[in-house]
Amino acid sequence: MSRGLRDQENTRINNILKQLIAQKDDHKALDALLKDLVLKVEVLEKFSANQMIDHLEKLHFDAENMELFADFLASQNSGFKQKAKAVYQHIQSESAVFSLAIQNKLLALK
Numbered sequence: 000m001s002r003g004l005r006d007q008e009n010t011r012i013n014n015i016l017k018q019l020i021a022q023k024d025d026h027k028a029l030d031a032l033l034k035d036l037v038l039k040v041e042v043l044e045k046f047s048a049n050q051m052i053d054h055l056e057k058l059h060f061d062a063e064n065m066e067l068f069a070d071f072l073a074s075q076n077s078g079f080k081q082k083a084k085a086v087y088q089h090i091q092s093e094s095a096v097f098s099l100a101i102q103n104k105l106l107a108l109k
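At position 50 of the sequence shown (counting the first as 1) the number is 49 in numbering that gives the first Met the number 0, and the numbers step up by one without a gap.
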């Protein structure tokens, strides 16, 4: 994928994630937004943490978008909090730089 297309795709994903974070407890609206990420609420519920991370990587999520997706998961029902924690931990382990902001988000989920 060329740099221009990657930037365009990254912006598109970023916009979807911001809309997801703003959405609360409306499965129909969440499904409409998740569709663009080849997901549904039902699939999120069934995915293991590793499957979630693998899916995000297949969609070429960068660390920022992974963090936004984890923020979305953390803002939803408690069933997604462990998955959010796994995504935050994945970001920390894959990054060359330790993020205090992500560490604080991890601590808030405990």
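Think of the CB as a built atom: it goes at the ideal place given N, C-alpha and C, for glycine as much as any other residue.
Remember, predicted model here, so these are calculated numbers, not experimental data.
If you ignore the 5 residues before and after leucine 32, its C-beta comes within less than 7 Å of the C-beta of Ile15, Gln18, Leu19 and Gln22, all in its own chain and listed in chain order.
Sequence-distant Cβ neighbours of lysine 104 in its own chain, meaning closer than 6 Å and more than five residues away, are Tyr87.
In this structure, the beta-carbon distance from alanine 73 to isoleucine 52 does not fall below 8 Å.
If you look at histidine 59, you'll find it isn't in any alpha helix (DSSP H); DSSP assigns it neither H nor E. Listed in chain order, the non-local C-beta contacts of isoleucine 101 below 7 Å within the same chain comprise Glu66, Tyr87, Ile90 and Gln91, local neighbours out to five positions each way being set aside. In terms of Cβ geometry, histidine 54 and valine 40 do not form a close pair [threshold 8 Å]. From the listed residues Phe97, Leu108 and Leu99, the smallest Cα separation to lysine 82 is found for Leu108. Assigned with DSSP and collapsed to three states, leucine 108 falls in coil, not helix or strand. A Cβ-Cβ distance of about 6 Å is found for the pair aspartate 61 and asparagine 9, placing them in contact under the 8 Å criterion.
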